[in-house]
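In the working numbering, the protein residues as written are 399 to 843.
Structure, rendered in structure tokens:
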């Protein structure tokens, strides 16, 4: 992020070139022609990731409707497949409704509805909020992805094995009687089952072996039942972030209100990655250059952690009691040496070792199914921009804040960052951090 690199439009044969667009712009009224040059980049759908390493790819497109968030620096706007460059200073207030029909060698017919609302009074501090409000959840859904759905009559044990086999962390639950989605099955459910029914290595967990998902839901949710939280593909990404944080969940199913089909499961990580891809094309708020400690983003008191010799069953109890998604592993000197996350718990199902939860965390972490690069850390003197860049590139859900001696100071999670960037931009006012560790890192789903 510090070098301000960004993903430029790909140089491919099926792009609309500047010459193509200029030929169209020349036919526009002089007032419009003097202000705007349109540069379109269309990237065809692919089942693999693009050259830039991201899969936020759209096309081929026959109809494109774009709402462009305004900026007041460099007069450059970027919205997905549309780049709009101002050839001369734009007026403080401009309302433009334009419809173009282009017929090029690609035999593509494009219809553009563009609305710009510019104001010299707009603050750069809320640019990310406005960006997210101008994009729909559908924009963030990948071209190709895997979505696993479980019927509630499936045995719990088979469901968790299916999560492992498919490499996913959660699955929507379908109830045939209601002909609708009724909830989510996640690693948190696996932890809650183990916590509730584990006795000792000598006693088999019958409930995990025999219970169906619907049975577990009736037992566990009888006092805390809540309807499935989901969102429409036409809702804004801002609404998705608000729903995730308000409901203290980590996964938000995108469900088509017409067909009732589940399209995708939105996560904090996916949303932040999407935002970061476009950050270099937007004005950079001043708070992005301020240090983490000054902004107060994250949790810095009453941090939940465990020790290398903590038994797995004890760690699971901490997950449930503190409602956190990861536990830093701290040695006898107070230094962070590892981290045990909820995702690591699924290895118990993968290796069928959930009947012996008296082993230590250190022993369990030796069997990580994926390569572990070590604990991702940061310090309170690093800027928020650096923090965002690191957490996105590392593809992790949180950073452990440490001092110069690697002693744990706090935790910065994806939800903390999204809260600071989008819901309550830290530059708007004097930021008072009120989130508790329980609130910030809750993982109901």
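For glycine and all other residues, C-beta sits at the position ideal for the given N, C-alpha and C.
Measure the beta-carbon distance from residue i to residue j and round it to whole angstroms, keeping in mind my assumption that it falls under 8 Å.
i	j	result
residue 544	residue 631	At roughly 18 Å, the Cβ-Cβ gap does not stay under 8 Å, so residue 544 and residue 631 are not in contact.
residue 695	residue 810	6 Å
residue 748	residue 554	Not a contact, Cβ separation roughly 15 Å.
residue 847	residue 801	Coverage of the chain is limited to positions 399 through 843, which leaves residue 847 absent and any answer about it impossible.
residue 818	residue 693	7 Å
Which one of the options has the shortest CA to CA distance from residue i?
i	options	result
residue 652	667, 668 and 628	628
residue 689	783, 774 and 762	783
residue 550	790, 692, 574 and 760	574
residue 787	673, 589, 727 and 585	673
residue 737	531, 633 and 703	703
residue 592	717, 524 and 548	717
residue 658	693, 692 and 579	579
residue 603	751, 817, 822 and 780	751
residue 654	640, 671 and 633	633
residue 539	607, 667 and 746	667
residue 586	671, 608 and 614	614
residue 687	781, 675 and 727	781
residue 560	682, 806 and 745	745
When you compare only the Cα positions, how much space is there between residue i and residue j?
i	j	result
residue 715	residue 679	45 Å
residue 712	residue 662	34 Å
residue 529	residue 820	9 Å
residue 643	residue 571	22 Å
residue 618	residue 646	18 Å
residue 764	residue 660	36 Å
residue 650	residue 753	31 Å
residue 669	residue 732	33 Å
residue 691	residue 597	43 Å
residue 759	residue 525	43 Å
residue 638	residue 812	14 Å
residue 548	residue 804	42 Å
residue 552	residue 762	28 Å
residue 522	residue 542	34 Å
residue 611	residue 730	41 Å
residue 536	residue 527	17 Å
residue 624	residue 576	16 Å
residue 640	residue 683	21 Å
residue 605	residue 616	13 Å
residue 681	residue 785	18 Å
Below 6 Å, is the gap between the Cβ of residue i and the nearest heavy atom of the ligand GDP?
i	result
residue 577	This structure does not include the ligand GDP; it has no bound ligands of any sort.
Leaving out the 5 sequence neighbours to the left and right, which residues in its chain are closer than 8 Å to residue i when beta-carbon positions are compared?
i	result
residue 739	723, 724, 725 and 795
residue 564	544 and 546
residue 589	714, 717, 718, 740 and 743
residue 771	792
residue 728	703, 704, 705, 734, 735 and 806
residue 816	639, 642, 643, 666, 669 and 670
residue 595	603, 604, 605 and 606
Output needed for residue i: all residues of its chain with C-beta closer than 6 Å, excluding positions within five of it in sequence on either side, in chain order.
i	result
residue 774	792, 794 and 797
residue 608	none
residue 822	none
residue 707	758
Under 7 Å Cβ to Cβ from residue i, same chain only, skipping five residues before and after it: list those, please.
i	result
residue 568	582, 583, 584, 649, 663 and 843
residue 808	696, 697, 698, 701 and 799
residue 665	648 and 649
residue 790	670, 671 and 674
residue 636	527, 530, 531 and 820
Next item on the list: Please list the segments of the alpha helix (DSSP H) lying wholly inside the segment 646-704, counting only runs of 4 or more residues, in order along the chain.
Entry: You should have 666-676 and 690-693.
Next item on the list: Just list the beta strand (DSSP E) runs in the segment 536-608, keeping only unbroken ones of 3 residues or longer that don't cross its boundaries, in chain order.
Entry: With a minimum length of 3 residues, the continuous beta strand (DSSP E) runs that stay inside the segment 536-608 are 568-573 and 578-584.
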